[in-house]
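J.:
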Amino acid sequence: MFKVAILGCENSHANSFLKYVIKDKKYDDIEFVGIYSDDKEAEKKLTEQFGVNGADSYDAFVGKIDGLIITARHGDNHYKYAKPYIESGIPMFIDKPITVSEKEADEFMNLLAENNVRITGGSSCIHCDLIQELKAGVKEGKYGKISGGYYRAPISLNNIYGGFYFYAQHLVQIITEVHGCWPKSVVAKEKNGVITMILRYQDYDVTGVYTDGNYNYFAYVSGAKEVVGGKYDIGSYAFEKEFSEFHELLLGGKQKVSYTDFVSPVYIMNAIERSLKSGNEEKIGRPCIDIKTKELEVDNLTVKIMDNRSDMGAVAAADIRAKMKELLAEKDEINMIFAAAPSQNDVLASLVDYDDIEWGRVNAFHMDEYIGLDKNAPQCFSNYLKEHIFGKVNFKSVNYIDASATDSDAECARYTELLKKYPTDIVVMGIGENGHIAFNDPWVADFDDPKMVKAVPLDEVCRQQQVNDGCFKTIDDVPKYAVTLTCPTLFNGKNLFCIVPAKTKANAVKHTLEDAITVDCPATILRKHASAKLYLDSDSSELI
89 MFKVAILGCE NSHANSFLKY VIKDKKYDDI EFVGIYSDDK EAEKKLTEQF
139 GVNGADSYDA FVGKIDGLII TARHGDNHYK YAKPYIESGI PMFIDKPITV
189 SEKEADEFMN LLAENNVRIT GGSSCIHCDL IQELKAGVKE GKYGKISGGY
239 YRAPISLNNI YGGFYFYAQH LVQIITEVHG CWPKSVVAKE KNGVITMILR
289 YQDYDVTGVY TDGNYNYFAY VSGAKEVVGG KYDIGSYAFE KEFSEFHELL
339 LGGKQKVSYT DFVSPVYIMN AIERSLKSGN EEKIGRPCID IKTKELEVDN
389 LTVKIMDNRS DMGAVAAADI RAKMKELLAE KDEINMIFAA APSQNDVLAS
439 LVDYDDIEWG RVNAFHMDEY IGLDKNAPQC FSNYLKEHIF GKVNFKSVNY
489 IDASATDSDA ECARYTELLK KYPTDIVVMG IGENGHIAFN DPWVADFDDP
539 KMVKAVPLDE VCRQQQVNDG CFKTIDDVPK YAVTLTCPTL FNGKNLFCIV
589 PAKTKANAVK HTLEDAITVD CPATILRKHA SAKLYLDSDS SELI
């Protein structure tokens with residue numbers, strides 16, 4: 089039986105959560121041992137309604153519970169209420185607004201990370217069916233290239249619970265759930281009780297509208313193929329879903345969001361408030377959270393393991409940035425090779441967020457490409473890289489492998505000459521499900537390959553991975569041949585950064601780190617490199 093307490097019980101969350109357990113008996117492994125609120129009238133009502141004991145202080149349950157729910161109306165109370173319990177490491181549900189101050193958000197999340205406290209919570213709105221449908225559609229490319237969005241939610245500007253911050257997180261988190269946690273900037277204006285804001289992402293803007301006193305919610309996504317969305321309600325099922333996530337943590341489940349992303353609404357809300365006061369576009373800050381990293385050495389290879397893929401991407405990007413700045417301090421320009429795969433999404437997103445990298449001194453290459461696809465096909469690796477990095481920052485040069493080239497041997501020769509002219513300083517790469525690096529599958533890989541670039545057939549496992557990654561609908565749609573940089577070409581890069589998330593890569597990671605160094609698992613060669621780092625999340629590292 090899990091013993092749980094609720095701190096702050098002035099809103100409907102506390103009432104709903106108590107009802108699920110005590111009245112509805114939906115969870116027979118949870119016992120509410122008590123509640124606390126600064127609002128003693130609210131506390132008394134719940135005590136009378138559910139027979140749960142009230143406490144004299146918010147730290148009354150320290151050492152007595154297995155999980156904590158913090159759902160105060162004023163965000164300033166959340167960190168205060170949580171602090172006495174953090175050292176115990178028990179999982180926590182933290183309601184919106186997570187906190188109000190950016191400084192406090194930093195301190196809060198760093199303490200949680202340091203004590204390995206698993207968290208869930210935030211706005212219940214993100215659990216609404218329409219929001220999850222839009223999120224999936226954007227992720228899967230269902231609506232075509234995204235050009236923007238429109239979202240509307242209520243605001244309460246005059247209240248004793250933090251003013252603007254009391255309700256503002258709902259709209260912010262609805263948007264970030266669909267479009268990503270970290271827009272770059274915001275501009276906001278208020279007129280007659282209506283706040284209109286524009287959140288600026290890398291490639292498009294999203295409009296959010298706060299309406300004071302009007303409790304209607306709307307969400308629309310604008311894509312190249314269609315505009316989708318509509319009005320939606322926050323039903324009781326949204327509360328049920330968020331309580332279910334807390335229950336999963338009690339059972340030992342993994343935290344679903346990184347500490348950094350969990351507090352992104354705090355930074356966005358602060359930027360909105362600054363913009364309302366200044367009338368200017370305001371940059372959205374980032375937390376200074378010390379990401380928990382486990383490190384080990386396998387032969388020459390440094391392995392870094394993070395709890396989730398967001399943190400994995402952030403740590404890898406920070407290391408790549410540091411190496412780029414080090415090299416650019418030594419010479420006029422550097423040359424980089426990038427992999428193209430969904431596994432690289434997080435590191436590339438974090439990398440392009442840096443505004444102090446001198447991309448104009450970098451020559452960019454990619455490491456493989458299908459043969460026979462139209463160069464405009466969305467599955468072309470060149471188009472993936474154009475979308476995720478090549479088209480987002482201003483490189484000195486971007487050098488593409490031509491997927492539509494009719495003479496693959498001539499294309500290999502052309503690209504070989506480019507690589508000779510621009511010796512590789514940094515490789516940003518991944519590992520395939522069969523242990524391949526680039527398209528050097530086990531049965532075509534050669535650690536002593538005399539070629540720098542070559543055309544290769546793709547085995548069934550490799551082609552099925554492209555289906556698993558969502559790039560093609562069926563294996564019959566996947567091309568059977570590709571151009572790839574060879575194993576020696578990749579290995580001869582002076583610095584290798586290999587980013588490998590997800591359960592689907594767990595076996596490949598195990599073989600990479602534990603098998604003999606042979607072409608049976610081409611990625612094993614990383615263990616011989618003088619300067620290579622492998623970045624994993626909890627899923628991809630689960631077998632080591």
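Start counting the sequence shown at 89; every next residue gets the next number (the numbering used here). Just so you know, even glycine gets a beta-carbon here, dropped at the ideal spot from N, CA and C.
1) In terms of residues, what are the limits of the beta strand (DSSP E) holding G151?
2) Spatial neighbours of G518 within its chain, please: CB distance less than 7 Å, with the 5 preceding and 5 following residues excluded, ordered by chain position.
3) In chain order, what residues of the same chain have a beta carbon less than 7 Å from the beta carbon of H162, not counting five sequence neighbours either side?
4) In angstroms with no decimal places, state the Cα-to-Cα distance between Q554 and I178.
5) Cβ atoms of M400 and L624: under 8 Å apart, would you say?
6) Within the same chain, show all residues whose beta-carbon is closer than 6 Å to that of F306, passing over the 5 residues directly before and after it, in chain order.
7) Between the Cα of H267 and the Cα atoms of G296, E602, K413 and D183, which residue gives the shortest distance?
8) Given D147, which residues of its chain have a CB within under 6 Å of its CB, disregarding the five upstream and five downstream residues?
9) Name the DSSP bridge partner or partners of L622?
10) Going straight from the alpha carbon of V309 to that of H524, what length do you get?
11) Identify whether G317 lies in helix, strand or coil by the three-state DSSP scheme.
12) If you drop the 5 nearest sequence neighbours on each side, which residues of the same chain put their C-beta closer than 7 Å to that of S125?
13) On a Cα-Cα basis, can you pick out the residue from V516, N487 and A493 that is closest to L507?
14) Go through the segment 193 to 258 residue by residue and report every complete run of the beta strand (DSSP E) that reaches 3 residues or more, in order.
15) To the nearest angstrom, how far is it from the Cα of L199 to the Cα of K279?
16) Does the contact criterion of 3 or more C-beta pairs under 8 Å hold for the segment 487 to 507 versus the segment 538 to 547?
17) According to DSSP, is S485 part of a helix, a strand, or is it coil?
18) Helix, strand or coil for R288, going by three-state DSSP, please let me know.
19) Would you list the residues sitting across from D456 in a DSSP beta bridge?
20) Per DSSP, M180 is paired with what?
21) Which term fits P610, buried or exposed, when burial requires 16 or more other beta carbons within 10 angstroms of its beta carbon?
22) Closer than 7 Å by C-beta to R362: which residues in its own chain qualify, once you throw out the five before and the five after it? Chain order, please.
23) For the alpha helix (DSSP H) holding D407, just list the boundary residues, first then last.
24) Give the C-beta separation of D194 and I377 to the nearest angstrom, bearing in mind that I take them to be a contact with Cβ-Cβ under 8 Å.
25) Could you check whether the segment 97 to 112 touches the segment 321 to 331, counting it as contact only if at least three pairs of C-beta atoms, one from each stretch, sit closer than 8 Å?
26) What would DSSP say about V549, mapped onto helix, strand or coil?
27) Using DSSP's beta-bridge definition, name the partner residues of T348.
28) Might you give, ordered along the chain, the residues of its own chain that have their beta carbon closer than 8 Å to the beta carbon of N204, omitting 5 neighbours on each side?
29) Would P375 be called buried (16 or more neighbouring beta carbons within 10 Å of its own) or exposed?
30) Using DSSP bridges, identify the partner residues of L364.
31) Assuming contact is defined by CB atoms lying nearer than 8 Å, are I393 and K382 in contact in what I supplied?
32) Is the beta carbon of F535 closer than 8 Å to that of V607?
33) Kindly give me the distance between the Cβ atoms of N423 and Y510, rounded to whole angstroms, as I take these residues to be in contact under 8 Å.
34) Using the beta-carbon count (16 or more within 10 Å), is P271 buried or exposed?
35) Relative to the alpha-carbon of I459, which residue among D420, E499, L439 and F478 has its alpha-carbon at the smallest distance?
36) Is the segment 439 to 452 touching the segment 403 to 420, taking contact as three or more C-beta pairs under 8 Å?
T.: Put simply:
1) For G151, there is no enclosing beta strand (DSSP E), as DSSP gives it neither H nor E.
2) Correct list, in chain order: A427, A429, S431, Q432, C586, I587 and V588.
3) Shown here for H162: same chain residues with a beta carbon closer than 7 Å to its own, the five before and five after excluded, namely Y249 and G250 in chain order.
4) Approximately 39 Å, taken between the alpha carbons.
5) A contact, by the Cβ cut-off of 8 Å.
6) So the list reads R240 and K319, once near-sequence residues are dropped.
7) Put simply, of G296, E602, K413 and D183 the residue whose alpha carbon is nearest the alpha carbon of H267 is G296.
8) Excluding positions up to five away in sequence, the list reads P172.
9) Within the DSSP secondary-structure output, L622 pairs in a beta bridge with V391 and C586.
10) Roughly 37 Å between the two C-alpha positions.
11) Strand, per DSSP.
12) G96, C97, E98 and E131.
13) Closest option to L507, Cα to Cα, is N487.
14) Runs of the beta strand (DSSP E) inside the segment 193 to 258: 207 to 210 and 234 to 243.
15) Straight-line measurement puts the Cα of K279 at about 39 Å from the Cα of L199.
16) A contact is defined here as three or more CB-CB pairs under 8 Å, and the segment 487 to 507 meets this definition with respect to the segment 538 to 547.
17) Here S485 sits in strand by DSSP.
18) Strand, per DSSP.
19) For D456, which the question treats as bridged, DSSP gives the partners T572.
20) BP columns for M180 point to L156 and I207.
21) By the Cβ neighbour-count rule, P610 is buried, with 16 or more other Cβ atoms within 10 Å of its own.
22) Closer than 7 Å at Cβ, skipping near neighbours: E370.
23) Run containing D407: R397 to L416, per the alpha helix (DSSP H) assignment.
24) Sure, about 7 Å apart at Cβ, within 8 Å.
25) In short, these stretches touch, since the Cβ pair count reaches three.
26) Residue state, collapsed to three classes: helix.
27) The partner list for T348 (beta bridge, DSSP) is empty, contrary to what the question assumes.
28) Cβ within range, chain order: G177 and K380.
29) Buried, since its Cβ has 16 or more Cβ neighbours within 10 Å.
30) In the DSSP assignment, L364 forms no beta bridge with any residue.
31) Yes, Cβ-Cβ distance for I393 and K382 is below 8 Å.
32) Result yes, Cβ atoms of V607 and F535 sit closer than 8 Å.
33) About 4 Å separates the two Cβ atoms, so the contact holds.
34) Here P271 is buried: its Cβ has 16 or more other Cβ atoms, across all protein chains shown, within 10 Å.
35) Selection D420, E499, L439 and F478 evaluated against I459 yields E499 as nearest (Cα-Cα).
36) Touching, per the Cβ criterion.
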